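Visitor: Take 4 as the starting number for the sequence shown in this note's numbering and just add one per residue.
Here you go, one structure.
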Amino acid sequence: MLFAEGQVAKIVDFGLAILVEKQHEEQGEVWATPYYVAPEKLAGQAEDFRSDLYSLAASLFHAISGRPPFISESSSMAELLRIKRQPVRLLNYAPHASTPTAYAIDRALSFKPEDRFGSYAHFIQSLEHALAARKKNPVKRRRPKVLRIGERVREGSWVAFAIIALVVGAGLYFWLHRPPPNARGAGSSAQPAEPDLSADMRFDVGRRQIVEERFADAAKTFGTLYEEGRLAEPKNSWAAVHGGLAEFFAGRPGLARTKFKMLADRASPTVIGLDAKLVGFFRQLPLLVSRQPDAEPHWDDFSTTTYEPLAFLIAGLSRWDDGDFEGSIALLRRLQKAAPAGEDAWVADYRPLVARYLEEYGTFRDLSTDLAGAATSPKTAEAALKRIPDALRAIRSKKLAEKLAALETEARQKVTAAGVAADLALKQKQADAGAAEEKLLTAAKLKIKELSENYRFTEAAALIRAVDVKLDRNISERDLLTRRVDWLVEFKKRLIEDINASGYPAQLVRKNGQKLLGIASRADDLQLEMRVQFGTLPSVKWTDISAMTILQMARTFMRPTLPQPALADREWQAGVFCLFEQLFPEGQALMDDAVARKPDYQNDRAQFFGQPTPAPAPEPAKDPAPEKAPAPAVPAIPMPATPATP
4 MLFAEGQVAK
14 IVDFGLAILV
24 EKQHEEQGEV
34 WATPYYVAPE
44 KLAGQAEDFR
54 SDLYSLAASL
64 FHAISGRPPF
74 ISESSSMAEL
84 LRIKRQPVRL
94 LNYAPHASTP
104 TAYAIDRALS
114 FKPEDRFGSY
124 AHFIQSLEHA
134 LAARKKNPVK
144 RRRPKVLRIG
154 ERVREGSWVA
164 FAIIALVVGA
174 GLYFWLHRPP
184 PNARGAGSSA
194 QPAEPDLSAD
204 MRFDVGRRQI
214 VEERFADAAK
224 TFGTLYEEGR
234 LAEPKNSWAA
244 VHGGLAEFFA
254 GRPGLARTKF
264 KMLADRASPT
274 VIGLDAKLVG
284 FFRQLPLLVS
294 RQPDAEPHWD
304 DFSTTTYEPL
314 AFLIAGLSRW
324 DDGDFEGSIA
334 LLRRLQKAAP
344 AGEDAWVADY
354 RPLVARYLEE
364 YGTFRDLSTD
374 LAGAATSPKT
384 AEAALKRIPD
394 ALRAIRSKKL
404 AEKLAALETE
414 ARQKVTAAGV
424 AADLALKQKQ
434 ADAGAAEEKL
444 LTAAKLKIKE
454 LSENYRFTEA
464 AALIRAVDVK
474 LDRNISERDL
484 LTRRVDWLVE
494 FKKRLIEDIN
504 ASGYPAQLVR
514 KNGQKLLGIA
524 SRADDLQLEM
534 RVQFGTLPSV
544 KWTDISAMTI
554 LQMARTFMRP
564 TLPQPALADR
574 EWQAGVFCLF
584 EQLFPEGQAL
594 MDDAVARKPD
604 YQNDRAQFFG
614 QPTPAPAPEP
624 AKDPAPEKAP
634 APAVPAIPMP
644 ATPATP
């Protein structure tokens, strides 16, 4: 088809091809154009004028969209027939085309002849209606797909040119092929009236508006159709059903219920085109959207392969509006599982519309489950609370959003209360643990005191290290006590080494004041070996020796010839021994000497006597500079005026 000057369309060629099902069978050949041949011709079925309608519609589809409705490289009739079973929509390939144009072409391209137009006149009327609609609502001018070299686009849409040309061509073709006058006898002069094309087309447009979620437009379309009453039954009653359905989707449940009530009151077997089963279905619609609990239908009685699953959708939307979300979702899931077939397959087109209800309720259900455990699982509830703002923005149902917001408020209160209770429980647990640990430390201190009085410092060190505490203050106290006992272990270890190296020449005194014969020649951790002029006496236990005697033994080995740091270590360890043995003046004097020889002990001394570390003298600066603040004092461990047992 080419456009000549004056906007005239001409048919210049028919591209025929030979379709051969089997190469060796003469009868398998079909002369036709694969793109435009009607399906019944490929199937070897009888042809009539509706086959010509199909071919013309395929040509018009190609003219407007720039591509054939079906494309296949195969020459097999079976393959082409399979492809042509798939519905093709003009708007999928020519979105610039108008809805009336797409309706006319899509209907004429129906796979089944009975689904196409019922006459030539009906098809021409559809095309004329599309042309009138195009003139009434012109679209923005577009450049044609192909231009002659140097030619500019003239006024008018090339799509409109195609429609005009094909309407004229179709009219001429059908007029030339009209039946002769004598073929229309007296009995055929009163032909049945064609249904109103505009109303039929608007019905399909309304259904598409619902599928595209243009619910307000769909409600208006079906409301007007039902009021006009230009559709034949049962289609006119179905317009009322779709109008009510669109009102529910649009969030106007009151109008929806009113429309279903009006339809139920009007539906009657006496209305031509309504059978008893359909009348029963229409009359049941007000019950489906009723708020009366005792009006619950028997859902299992509804067929799942006819139009009746529409009841699940209508009732589900009604319950959703009432706030019965669980009941709504149960019905909408029934719709999802239904399999309407045949002439009622259109019901399945509405299944995708319920996806957002299922998704919204799924979000609500998951959040409500997590929030329900706010008292016992506050962390899970807190995570759910963080997701609620996004969920509220996504939920379109006002009642569901309000219900979720109420759950949020309640959960926040429970989480707060649970947090307070948890804090109190934690503090109580810490208090109980602290009390238990302090009791454990007190018992360890008493045992260490007993062991230290008997100079069993190694056992005391092992005991304090075995004390298991968790609180920071108790850990600090245990570590400090461990360090002090370690000094005692080192004190006794060195004293034993000194005795074994050179012996102790002075006389030993027991704790009861008794002087021992002989001198200490050797020692270990438990006892000392005593030697006299004539031999060896029985060993003496360390526990029998007085603390002052042990201090004198330690002083004997503090020789001035020792390096100053080593001498300071001995003095410090002996000072710690004195404090444990309540020889406080001697211990303080020894610690002072140790600090003088080794200033590093100054901080350790503060642990016993609470004396802060003296601030270092500032170094002279070349340039004036701000005076530096003194170093902070080391936290002191207060000692009583009269020192007690460490």
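We put the CB at the ideal spot given by N, CA and C, even for glycine.
These numbers were taken from a predicted model, which means no experiment stands behind them.
Does the separation of the CB atoms of L45 and L5 fall below 7 Å?
Guide: no
Visitor: Alpha carbon to alpha carbon, how far is K572 from N606?
Guide: A small fix is needed here, since residue 572 is Asp in this sequence, not Lys. Approximately 14 Å between the Cα atoms of the pair.
Visitor: Rounded to a whole number of angstroms, what is the C-alpha to C-alpha distance between R459 and D435?
Guide: Cα-Cα distance, rounded: 32 Å.
Visitor: Let me confirm a value: E362 is counted as buried when at least 16 other C-beta atoms fall within 10 Å, else exposed. Which label applies?
Guide: exposed
Visitor: Count Cβ pairs between the segment 302 to 315 and the segment 331 to 351 that sit closer than 8 Å; are there 3 or more?
Guide: For the pair of segments examined, the segment 302 to 315 was found to touch the segment 331 to 351: the number of CB pairs separated by less than 8 Å reaches three.
Visitor: Taking just the CA atoms, how far does L288 sit from L130?
Guide: 37 Å
Visitor: In whole angstroms, give me the CA-to-CA distance for G326 and K402.
Guide: If you draw a straight line from the Cα of G326 to the Cα of K402, it comes to about 6 Å.
Visitor: Buried or exposed: which applies to A526, given that a residue is buried once 16 or more other Cβ atoms fall within 10 Å of its Cβ?
Guide: buried
Visitor: Go through the segment 292 to 369 residue by residue and report every complete run of the beta strand (DSSP E) that reaches 3 residues or more, in order.
Guide: Listed in chain order, there is nothing to give.
Visitor: One question on the structure: do P312 and L281 come within less than 7 Å of each other, judged by their Cβ atoms?
Guide: Going by C-beta atoms, P312 is not nearer than 7 Å to L281.
Visitor: Excluding the 5 residues flanking Y57 on each side, which residues of the same chain have their C-beta closer than 6 Å to its C-beta?
Guide: A41
Visitor: Could you tell me the distance, in whole angstroms, from the CA atom of L444 to the CA atom of E385?
Guide: Straight-line Cα distance between these residues: approximately 39 Å.
Visitor: Could you tell me the boundaries of the beta strand (DSSP E) in which E532 lies?
Guide: Q530 to V535
Visitor: Which same chain residues, not among the five before or five after G521, have their C-beta less than 6 Å away from its C-beta?
Guide: Once the five neighbours on either side are set aside, the close Cβ partners of G521 are M533, R534, V535 and L540.
Visitor: Would a C-beta distance cut-off of 7 Å place A136 and S101 closer than the cut-off?
Guide: yes
Visitor: Evaluate the contact criterion for the segment 52 to 71 versus the segment 102 to 114: three or more CB pairs, one atom per stretch, below 8 Å.
Guide: yes
Visitor: Alpha carbon to alpha carbon, how far is K382 from A569? Give it in angstroms, no decimals.
Guide: 58 Å
Visitor: Is V11 helix, strand or coil when you go by DSSP?
Guide: strand
Visitor: With DSSP run on the structure shown, which of helix, strand or coil describes R459?
Guide: Correct three-state label for R459: coil.
Visitor: Please go through the same chain and pick out, in chain order, the residues whose beta-carbon is closer than 6 Å to the beta-carbon of R260, but skip the five residues on each side of it.
Guide: Here the set comprises V292.
Visitor: Here's the rule I'm using: 16 or more other beta-carbon atoms within 10 Å means buried, otherwise exposed. How should D475 be labelled?
Guide: Burial call: exposed.
Visitor: Is the separation between the beta-carbon of A447 and that of V472 shorter than 7 Å?
Guide: The answer is no: Cβ separation not under 7 Å.
Visitor: As an exercise, report each continuous beta strand (DSSP E) stretch of at least 3 residues that is fully enclosed by the segment 553 to 603, in chain order.
Guide: Listed in chain order, there is nothing to give.
Visitor: Can you give me the start and stop residues for the beta strand (DSSP E) that L540 sits inside?
Guide: From DSSP, the beta strand (DSSP E) with L540 extends over G538 to K544.
Visitor: Which whole-angstrom value is the C-beta distance of M204 and P103, which I expect to be below 8 Å?
Guide: Contact holds; Cβ gap of about 6 Å.
Visitor: Note down, in chain order, each residue of its chain lying with its Cβ closer than 6 Å to the Cβ of F315, except the 5 sequence neighbours on either side.
Guide: A distance below 6 Å between beta-carbons, with the five flanking residues on each side excluded, links F315 to the following residues of its chain, in chain order: L334, R337 and L338.
Visitor: Can the beta-carbon of A124 be found closer than 7 Å to that of A107?
Guide: Not closer than 7 Å, so no.
Visitor: So what does I522 bridge to, in DSSP terms?
Guide: R534
Visitor: In terms of alpha-carbon separation, which member of A375, I553 and R53 lies closest to A509?
Guide: I553
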